[in-house]
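What follows is one structure encoded as structure tokens, with my remarks underneath.
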Amino acid sequence: MKVKNESRFHIKSLNQEKLFNSIYKDFPISKIERINEKEVSFSCPFSEHKKLKKILNDKHIEILSIKHFGVLSNFSKLFASAGGILAGVLIVVFLAVQSQFIWQYEVLGTNVLEKKEIVSFIKQNFNKKKTALQTRAVEISLLNGFDEISFVSCMIKGQTLVVNIKEKLLPDEKYGQFKPIVSNKNAKIKEIELVSGTLKVKAGDVVKVGDVLVEPYVVDSSGELMKVEAKAKFIADVYNEGSSEHCDNVVETYRTGEVCEESIVTLFGLEIYKFKTEKKFEKFEVEYEESDLSNNNILPFKLKKTKYFEVKERVVQTNFEDVKDEYIEKAKANALKNCENCDNIIDEYYTLRHLSGVTIVNFCIVTQEEIGVQNVD
């Protein structure tokens, strides 16, 4: 063992003379050994090695190795080892102590009850220490403390208390799971048969799709609101509507008869022949046609034809009165598309609206049927 306390540096640096000149002033460097033009080793007092290492790092000098010699370095290693051992012992002791306690709570099976409420109840009434926690006592306490629980079991798993809960089947009215009845048609109500719930409409009212017909609650004699299932039957005149529009002046596009044709013959996708007649018009419609020319030919020739049809526009004027019946039938056909119960038609009528050269025909088919559905949101 070397008695002198020193640290041996092995570094890599190109400008070694400049480096030593800069650190000679602050550090007693000794035993300089130039290994080659890039590498050099030297010694310094053990007490100064950390400062010197920092300076070398600041100068971006590559340190290949550092070796320590002497009594102080051995004591340093001993203290470091003792510190590591002490830290390990403390960690083991800490883990042993904290493993005796419950640190986590896992609640399973709840739908109505809040898990936070269960955990808070256990924390307030029971010790976290495993040896002081009796799972049977927790089960009995939960059963007595919560009317909603029909069965409960507890177990300690590591540092987690697992609580399995089965809730009672409580009536839905307590939790307000019922939905109102809403209108699924545009209609005028004729008859009402209420079974349960609170009516929001009366006979003779006109309702639209989505309007609430019955709310899922009743108010008892003491003025308390109680949730109930909404049940009722509604017979109504349903309005099935359709429309059509007529314009006095319509811009019509038509073909003049002039045609320009382009033909292209391809083989394996490559164009090998092209013929095109001159196109002397600006507006046109296009039609495409493709056919095989490989009949009795092993080569896959294809013919692609493109036809350009000249089109022009013209204003067509029509008098609504001349085509009135046609547009009324169109509106009626659209109304029938919306009619789901055509067997119970009790009336039909149409109305006309004239707006700046446009006539709108509204046709209504009235059927008598049952309306009202549960609102599913």
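Each residue of the sequence shown is one higher than the one before, starting from 237 at the first, in this note's numbering. Each residue gets a CB set at the ideal place from its N, CA and C atoms; glycine is no exception.
Asked                                                                                                                                                                     : Found
Along the alpha helix (DSSP H) that carries Q360, what are the first and last residues, could you check?                                                                  : K351 to N361
Do you know offhand how far L250's Cα is from R244's?                                                                                                                     : 19 angstroms
Where does I259 sit, in a helix, a strand or coil, going by DSSP?                                                                                                         : helix
Going by beta-carbon coordinates alone, are V388 and Y475 separated by less than 9 angstroms?                                                                             : no
Mind checking whether E384 and V348 have CB atoms under 9 angstroms apart?                                                                                                : yes
9 angstroms is my cut-off, CB to CB: does F556 come that close to chain B?                                                                                                : Absence of chain B from the displayed structure is noted, only one protein chain being present.
Going straight from the alpha carbon of D528 to that of K538, what length do you get?                                                                                     : 5 angstroms
Report the residue from F545, I534, K510 and N531 whose alpha carbon sits nearest the alpha carbon of F520.                                                               : F545
Counting only the same chain and skipping the five closest in sequence on each side, list residues whose C-beta sits under 6 angstroms from that of E284.                 : F263
For C578, list the residues DSSP reports as bridge partners.                                                                                                              : Per DSSP, none; premise fails for C578.
Would DSSP call T587 helix, strand or coil?                                                                                                                               : strand
According to DSSP, simplified to helix, strand and coil, what is Q553?                                                                                                    : strand
Short of 6 angstroms in beta carbon distance, which residues of its chain neighbour E523, apart from the five on each side in sequence? Order them along the chain.       : K543
Can you check which of these residues, T371, N361, K359 and T396, is closest to K340 by C-alpha distance?                                                                 : At residue 340 the sequence reads Gln, which differs from the Lys that was named. Looking at the Cα atoms, T396 is the closest of the given residues.
Taking V464 as part of the alpha helix (DSSP H), name the residues at either end of that continuous run.                                                                  : Neither: V464 is in no alpha helix (DSSP H) and is coded neither H nor E.
If I follow the unbroken alpha helix (DSSP H) through A227, where does it start and stop?                                                                                 : Summary: the structure shown does not reach residue 227, with the chain confined to residues 237 through 613, and so no result is reported for it.
Please list, in chain order, all residues of the same chain as I268 whose beta carbon is under 6 angstroms from its beta carbon, the five residues on each side excluded. : F278
What number of angstroms, rounded off, separates the C-alpha of A569 from the C-alpha of S499?                                                                            : 45 angstroms
Measure the C-alpha to C-alpha separation of V443 and A567 and round it to an integer number of angstroms.                                                                : 23 angstroms
Give the secondary structure of F504 by DSSP, where H, G and I count as helix, E and B as strand, and everything else as coil.                                            : coil
What are the residues that DSSP puts in a beta bridge with T489?                                                                                                          : E549
With H, G and I counted as helix, E and B as strand and the rest as coil, what does DSSP make of T367?                                                                    : helix
CA-CA distance, L491 and E514?                                                                                                                                            : Reading off the sequence shown, one finds Arg at residue 491, where the question assumed Leu. Each residue's Cα considered, the two are about 18 angstroms apart.
Is E497 near the ligand SAH, going by C-beta to nearest heavy atom under 8 angstroms?                                                                                     : Of the ligands one can find in the structure shown there are none, so the ligand SAH has no counterpart to examine.
Using 10 angstroms around the beta-carbon of K393, count the other beta-carbons present and answer buried if the total reaches 16, otherwise exposed.                     : exposed
Tell me the DSSP secondary structure of V276 in three-state form.                                                                                                         : strand
Please state whether DSSP places S499 in a helix, a strand or coil.                                                                                                       : strand
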